[in-house]
Amino acid sequence: MRSSIQAGILAASSLAVIAITIGCLANGITTVFPHIFYIPIVYAAYYYLRRGVAVSAGLGAIYLALVLILTPATAGIIVAALSRVAVFIAIAVIVATLAARLRAAVATGLEEEERLQELNREIHRREGWYRAIYEQSPIAIGVYDASGKLAHANPAALDLVGVRDLDSLIGFPLFEDPNLPEDQKKNLLEGRKTHYQAQFDFERVRSHNLYPTSRRGVIWLDRLITPIRDDGGSIIGYLVHAYETTARKQAEDALRESEEMFRNVTQSAYDAIVMVDSEGRVTFWNRAAVEMFGYSEDEVRGRPVHDLIAPPDVLNAAEEGVRNFALTGTGPVIGRPLERTARRRDGKEFPVELTISPLNIGGAWHAVAVIRDVSERKEAEAALRKAHRQLQILTGITRHDILNSITAADGYMELYKDADPAARETYLEKVHLAIHKIQRQIEFTRQYEAIGTLEPGWQNLETLIQGLEVPSSISFQTSGLKREIYADPMVKQVFENLLDNTLRHGGDGVSRITLTAEVSDGDLVVAWEDDGVGVSGEDKKRIFERGFGKHTGLGLFLSREILGLTGITITENGIPGSGARFVIRVPAGKWRDLE
Numbered sequence: 001m002r003s004s005i006q007a008g009i010l011a012a013s014s015l016a017v018i019a020i021t022i023g024c025l026a027n028g029i030t031t032v033f034p035h036i037f038y039i040p041i042v043y044a045a046y047y048y049l050r051r052g053v054a055v056s057a058g059l060g061a062i063y064l065a066l067v068l069i070l071t072p073a074t075a076g077i078i079v080a081a082l083s084r085v086a087v088f089i090a091i092a093v094i095v096a097t098l099a100a101r102l103r104a105a106v107a108t109g110l111e112e113e114e115r116l117q118e119l120n121r122e123i124h125r126r127e128g129w130y131r132a133i134y135e136q137s138p139i140a141i142g143v144y145d146a147s148g149k150l151a152h153a154n155p156a157a158l159d160l161v162g163v164r165d166l167d168s169l170i171g172f173p174l175f176e177d178p179n180l181p182e183d184q185k186k187n188l189l190e191g192r193k194t195h196y197q198a199q200f201d202f203e204r205v206r207s208h209n210l211y212p213t214s215r216r217g218v219i220w221l222d223r224l225i226t227p228i229r230d231d232g233g234s235i236i237g238y239l240v241h242a243y244e245t246t247a248r249k250q251a252e253d254a255l256r257e258s259e260e261m262f263r264n265v266t267q268s269a270y271d272a273i274v275m276v277d278s279e280g281r282v283t284f285w286n287r288a289a290v291e292m293f294g295y296s297e298d299e300v301r302g303r304p305v306h307d308l309i310a311p312p313d314v315l316n317a318a319e320e321g322v323r324n325f326a327l328t329g330t331g332p333v334i335g336r337p338l339e340r341t342a343r344r345r346d347g348k349e350f351p352v353e354l355t356i357s358p359l360n361i362g363g364a365w366h367a368v369a370v371i372r373d374v375s376e377r378k379e380a381e382a383a384l385r386k387a388h389r390q391l392q393i394l395t396g397i398t399r400h401d402i403l404n405s406i407t408a409a410d411g412y413m414e415l416y417k418d419a420d421p422a423a424r425e426t427y428l429e430k431v432h433l434a435i436h437k438i439q440r441q442i443e444f445t446r447q448y449e450a451i452g453t454l455e456p457g458w459q460n461l462e463t464l465i466q467g468l469e470v471p472s473s474i475s476f477q478t479s480g481l482k483r484e485i486y487a488d489p490m491v492k493q494v495f496e497n498l499l500d501n502t503l504r505h506g507g508d509g510v511s512r513i514t515l516t517a518e519v520s521d522g523d524l525v526v527a528w529e530d531d532g533v534g535v536s537g538e539d540k541k542r543i544f545e546r547g548f549g550k551h552t553g554l555g556l557f558l559s560r561e562i563l564g565l566t567g568i569t570i571t572e573n574g575i576p577g578s579g580a581r582f583v584i585r586v587p588a589g590k591w592r593d594l595e
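Position 249 of the sequence shown, counted from 1, bears residue number 249 in full-length UniProt numbering, the numbering being contiguous throughout.
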């Protein structure tokens with residue numbers, strides 16, 4: 001709209017000037033009136049700049065044409081007309097240039113004004129923002145002047161110190177605050193920022209009559225005091241940030257007491273208590289765990305627990321279990337008592353009972369394991385089973401075997417009463433044999449009862465066979481006996497029983513007994529061989545059973561029991577008809593050379 005009006009004004013003024021020029025030239029007037037061309041020329045140059053210069057040149061050309069047409073067109077008139085046209089164009093150029101500069105200056109001024117206005121708006125916006133932060137901040141903020149007197153404080157500061165009216169707090173001297181520690185005051189006076197936590201006693205405020213406060217007692221404060229400096233570095237005030245930490249301090253104290261109580265309880269516990277993170281790495285290891293596994297707490301912290309205490313054969317499965325537990329907090333071993341095998345630092349494995357409980361800490365699954373060494377319990381259970389078994393056997397011998405022998409003796413005595421003198425001698429002999437059998441059975445119960453009552457020890461093979469009463473008619477040869485075996489002290493009875501077995505069951509043709517000891521696959525093989533009738537195939541598996549055999553049936557049974565206490569086995573693998581061969585196999589670690 002504005003550009004249309006400007007174009008109309010330019011067109012109207014140009015036509016008016018042309019009309020006046022025609023009238024003047026037609027009446028012979030050639031001076032003065034050309035000045036009216038400046039109106040459209042200046043207007044066009046001002047508003048249209050370079051295009052205005054072109055318009056001005058066009059108007060000059062029209063003027064020159066009218067002069068040539070409407071006047072005698074003498075040389076003087078033509079030169080004067082050309083001069084005016086040049087002036088028209090020059091004025092148009094000057095006006096256009098000035099107008100362009102003016103427009104640029106105006107635009108710059110407007111932009112600067114707009115920028116200043118926007119900056120002013122931003123300043124007001126930020127001022128409001130900062131004021132809102134200051135007023136609404138939950139942290140107490142106080143502003144002090146260069147002398148340390150309070151100039152302003154936000155509502156949180158008033159709430160903190162129990163003051164309702166800011167005016168009653170204005171002028172409070174920072175450096176006279178009895179709750180400001182001396183070392184912190186020194187830092188401030190030396191121009192250093194200070195940050196500290198300390199108690200704030202409102203009774204001191206009351207006793208010094210510093211300001212009216214509704215609060216009482218002692219609280220904990222976290223305070224940050226920062227010197228405010230001008231551009232030259234001079235201190236012009238102090239900015240104080242403070243917030244109450246009483247609840248946090250109480251929580252920290254309670255947590256510390258709880259942790260101390262937890263540590264005291266766990267460190268005095270008989271059971272090992274181990275805590276691991278979601279990756280199975282040790283985070284807690286009590287004193288019982290140190291004693292049980294042989295690692296100090298510093299040695300295990302941060303290390304995978306299964307690398308420390310799991311036997312090698314279950315290590316992979318344990319690691320897989322940890323990975324699954326980290327994802328779900330569950331697993332087949334979580335939340336129920338289990339019996340497992342654990343490993344000490346020296347590699348020795350032992351039975352344990354453990355219970356694992358999950359803990360979710362910070363969104364990650366941790367676990368607490370309570371581990372009890374049940375070695376003694378297992379040994380006690382084994383001893384109880386052994387005692388129960390011995391009791392059953394002893395009861396069986398007493399109730400069954402001895403009773404049978406007594407019954408037999410009693411029967412022979414009844415037969416003796418009615419027998420003729422020739423037969424009485426036979427019955428008396430049978431009674432005598434029954435009594436001797438009872439005697440041997442009672443002797444067996446004494447020996448069997450003694451099994452395991454003494455600690456096993458190293459027994460010299462050569463010493464064990466000393467005192468064996470081998471008949472002179474039988475050759476007794478030995479080799480490889482310069483060794484010791486780890487066995488029950490009653491192991492000497494084993495060799496006495498083997499000799500008794502040879503003499504009783506080998507037959508009249510026994511002429512040779514050999515006792516050898518040789519190493520085989522790490523074990524020590526001790527072989528007792530004779531050249532008697534041997535053991536039949538159907539009897540080989542039963543000869544070590546209690547009561548099997550033609551005599552008491554207790555000697556070989558007792559031998560197996562004695563050897564089995566320390567993991568030693570005994571079998572018979574002789575060839576029937578060629579002699580008996582009893583093989584005693586002593587595991588590696590349960591024998592040693594003497595040479």
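Backbone N, C-alpha and C define an ideal beta-carbon position, used for all residues, glycine too.
Worksheet item: Nearest-angstrom Cα distance between G162 and P212?
Response: The residue labelled residue 162 in the question sits at position 162 within the sequence shown. The residue labelled residue 212 in the question sits at position 212 within the sequence shown. When rounded, the distance between both Cα atoms is 8 Å.
Worksheet entry | Span of the alpha helix (DSSP H) around M275 | Looking up residue 275 in the sequence shown gives position 275. M275 -> not in any alpha helix (DSSP H); beta strand (DSSP E) instead, spanning 272-276.
Worksheet item: In its own chain, which residues sit with a C-beta less than 7 Å from the C-beta of N179, not counting the 5 before and 5 after it?
Response: Residue numbering aside, residue 179 sits at position 179 when the sequence shown is read from its first letter. Around N179: F200, D201, R204.
Worksheet item: If you follow the beta strand (DSSP E) that F200 is part of, which residue opens it and which one closes it?
Response: Taking the sequence shown and counting its residues from 1, the one referred to as residue 200 is at position 200. Looking at the DSSP string, the run of the beta strand (DSSP E) that includes F200 is 194-201.
Worksheet item: Would a C-beta distance cut-off of 8 Å place I36 and L70 closer than the cut-off?
Response: In the sequence shown, residue 36 corresponds to position 36, counting from 1. In the sequence shown, residue 70 corresponds to position 70, counting from 1. Not in contact: I36 and L70 (Cβ atoms no closer than 8 Å).
Item to complete: Would you kindly check if the distance between the Cβ of Y46 and the Cβ of L10 is under 8 Å?
Response: For the purposes of this step, residue 10 is taken as residue 10 along the sequence shown, with counting starting at 1. For the purposes of this step, residue 46 is taken as residue 46 along the sequence shown, with counting starting at 1. Contact: no.
Practice prompt. Output yes or no for whether 8 Å exceeds the beta carbon distance between E349 and V374.
Written response: Taking the first residue of the sequence shown as position 1, residue 349 is located at position 349. Taking the first residue of the sequence shown as position 1, residue 374 is located at position 374. For E349 and V374, no; Cβs fall outside 8 Å.
Worksheet item: Which partner residues does W285 have in the DSSP bridge list?
Response: As a working mapping, residue 285 is identified with position 285 in the sequence shown. Paired residues: V274.
Discussion item. Please classify V106 as buried or exposed, where buried requires at least 16 other C-beta atoms within 10 Å of its C-beta.
Written reply: By 1-based counting over the sequence shown, the position of residue 106 is 106. So V106 ends up on the exposed side.
Worksheet item: When you compare each of R542, V533, A16, Q477 to T514 by their alpha carbons, which one comes out closest?
Response: For this step, residue 514 is matched to residue 514 along the sequence shown. Checked all of R542, V533, A16, Q477; the closest Cα to T514 is Q477.
Worksheet item: Alpha carbon to alpha carbon, how far is Q136 from N154?
Response: Taking the first residue of the sequence shown as 1, we reach residue 136 at position 136. Taking the first residue of the sequence shown as 1, we reach residue 154 at position 154. Taking the straight line from one Cα to the other gives about 8 Å.
Item to complete: Over the uninterrupted beta strand (DSSP E) stretch that includes Q466, give me the two end residues.
Response: Taking the first residue of the sequence shown as position 1, residue 466 is located at position 466. First-last for Q466: undefined, no H or E at that position.
Practice prompt. Could I get the ranges of all uninterrupted alpha helix (DSSP H) runs contained in the UniProt domain "PAC" (198-257), with 4 residues as the minimum, in chain order?
Written response: 202-207
Discussion item. For V163, report the span of its beta strand (DSSP E) as first-last.
Written reply: Residue 163 sits at position 163 when you count from the first residue of the sequence shown. Premise fails: V163 is in no beta strand (DSSP E) and is neither H nor E.
Practice prompt. In the DSSP assignment, find the unbroken alpha helix (DSSP H) run with H505 in it and report its ends.
Written response: Here residue 505 is taken as the residue at index 505 of the sequence shown, counted from 1. Start and end: 492-505.
Item to complete: List the whole-angstrom C-beta distance separating G534 from G574, where the pair is believed to meet the contact cut-off of C-beta under 8 Å.
Response: Taking the sequence shown and counting its residues from 1, the one referred to as residue 534 is at position 534. Taking the sequence shown and counting its residues from 1, the one referred to as residue 574 is at position 574. Confirmed, Cβ separation roughly 5 Å.
Worksheet entry | Member of L239, T341, E279 whose CA lies at the smallest distance from the CA of E320 | Looking up residue 320 in the sequence shown gives position 320. Taking only the C-alpha atoms, the option nearest E320 is E279.
Discussion item. At the level of alpha carbons, what is the spacing between H400 and E545?
Written reply: The residue given as residue 400 occupies position 400 in the sequence shown. The residue given as residue 545 occupies position 545 in the sequence shown. For H400, the predicted structure reports a pLDDT of 48, less than 50, and the residue's modelled location is therefore unreliable. A value from the coordinates is still provided. Their backbone Cα atoms lie some 16 Å apart in a straight line.
Item to complete: Give a single yes or no on whether I91 has its beta carbon closer than 7 Å to a heavy atom of the ligand GDP.
Response: Ligands displayed in this structure: none; no statement on the ligand GDP is therefore possible.
Worksheet item: To the nearest angstrom, how far is it from the Cα of G52 to the Cα of G60?
Response: Working through the sequence shown from its first residue, we reach residue 52 at position 52. Working through the sequence shown from its first residue, we reach residue 60 at position 60. Each residue's Cα considered, the two are about 12 Å apart.
Fill in: Beta-carbon proximity list for A242, same chain, < 6 Å, skipping 5 on both sides
Locating residue 242 in the sequence shown gives position 242, counting from the first residue. Counting only residues of its own chain and dropping the five nearest sequence neighbours on each side, A242 has a CB closer than 6 Å to the CB of A140, L221, R223.
Worksheet item: Should M261 go down as buried or exposed, given a rule of 16 or more other Cβ atoms within 10 Å for buried?
Response: Here residue 261 refers to the residue found at position 261 when the sequence shown is read from its first residue. With fewer than 16 Cβ atoms within 10 Å of its Cβ, M261 is classed as exposed.
Item to complete: Please name the residue in I309, V370, V314 whose C-alpha comes closest to that of L338.
Response: Position 338 of the sequence shown holds residue 338. If we check each option's Cα against that of L338, V370 comes out closest.
Discussion item. Under 8 Å, with one C-beta from each stretch per pair, do the stretch 575-591 and the stretch 494-506 reach the 3-pair mark?
Written reply: Short answer: they touch.
Fill in: Sub-8 Å separation of L158 and F172 beta-carbons
Locating residue 158 in the sequence shown gives position 158, counting from the first residue. Locating residue 172 in the sequence shown gives position 172, counting from the first residue. Going by C-beta atoms, L158 is not nearer than 8 Å to F172.
Discussion item. Per the DSSP calculation, R585 is bridged to which residue(s)?
Written reply: Position 585 of the sequence shown holds residue 585. Bridge partners of R585: V525, T569.
Worksheet item: Where does I543 fall in DSSP's three states?
Response: Counted from its first residue, the sequence shown places residue 543 at position 543. Note: I543 maps to coil in three-state DSSP.
Practice prompt. Return the CA-CA distance between D488 and S479, expressed in angstroms with no decimal places.
Written response: In the sequence shown, the residue the question calls residue 488 occupies position 488. In the sequence shown, the residue the question calls residue 479 occupies position 479. Taking the straight line from one Cα to the other gives about 22 Å.
Worksheet item: Does the beta-carbon of N264 have 16 or more other beta-carbons within 10 angstroms, so that it is buried, or is it exposed?
Response: In the sequence shown, counting from the first residue as 1, residue 264 sits at position 264. With fewer than 16 Cβ atoms within 10 Å of its Cβ, N264 is classed as exposed.
Worksheet entry | Through-space distance from T566 to P455, alpha-carbon basis | Position 455 of the sequence shown, counted from the first residue, corresponds to residue 455. Position 566 of the sequence shown, counted from the first residue, corresponds to residue 566. The displayed chain sequence assigns Glu, not Pro, to residue 455. Taken atom to atom, the span from the alpha-carbon of E455 to that of T566 is near 10 Å.
Worksheet item: Does the distance from the C-beta atom of S357 to that of A367 stay below 8 Å?
Response: Start at 1 with the first residue of the sequence shown, and residue 357 comes out as number 357. Start at 1 with the first residue of the sequence shown, and residue 367 comes out as number 367. Cβ atoms of S357 and A367: closer than 8 Å.
Practice prompt. List the endpoints of the continuous beta strand (DSSP E) containing F476.
Written response: Against the sequence shown, residue 476 aligns to sequence position 476. Taken as a continuous stretch (DSSP letters only), the beta strand (DSSP E) holding F476 covers 475-479.
Discussion item. Please give the ranges of any alpha helix (DSSP H) in the stretch 115-198, keeping only runs that are unbroken, at least 4 residues long and fully inside the region.
Written reply: 155-161, 182-189
Discussion item. Quick check on DSSP: helix, strand or coil for I356?
Written reply: Indexing the sequence shown from 1 puts residue 356 at position 356. Strand.
Discussion item. If you measure between the beta carbons of W591 and L524, is that distance less than 8 Å?
Written reply: For the purposes of this step, residue 591 is identified with residue 591 of the sequence shown, where counting begins at 1. For the purposes of this step, residue 524 is identified with residue 524 of the sequence shown, where counting begins at 1. L524 sits close to W591, with the two beta carbons spaced by under 8 Å.
Discussion item. Suppose contacts are defined by Cβ-Cβ distances below 8 Å. Is Q184 in contact with T245 by that definition?
Written reply: Looking up residue 184 in the sequence shown gives position 184. Looking up residue 245 in the sequence shown gives position 245. Taking 8 Å as the Cβ cut-off, Q184 and T245 do not qualify as a contacting pair.
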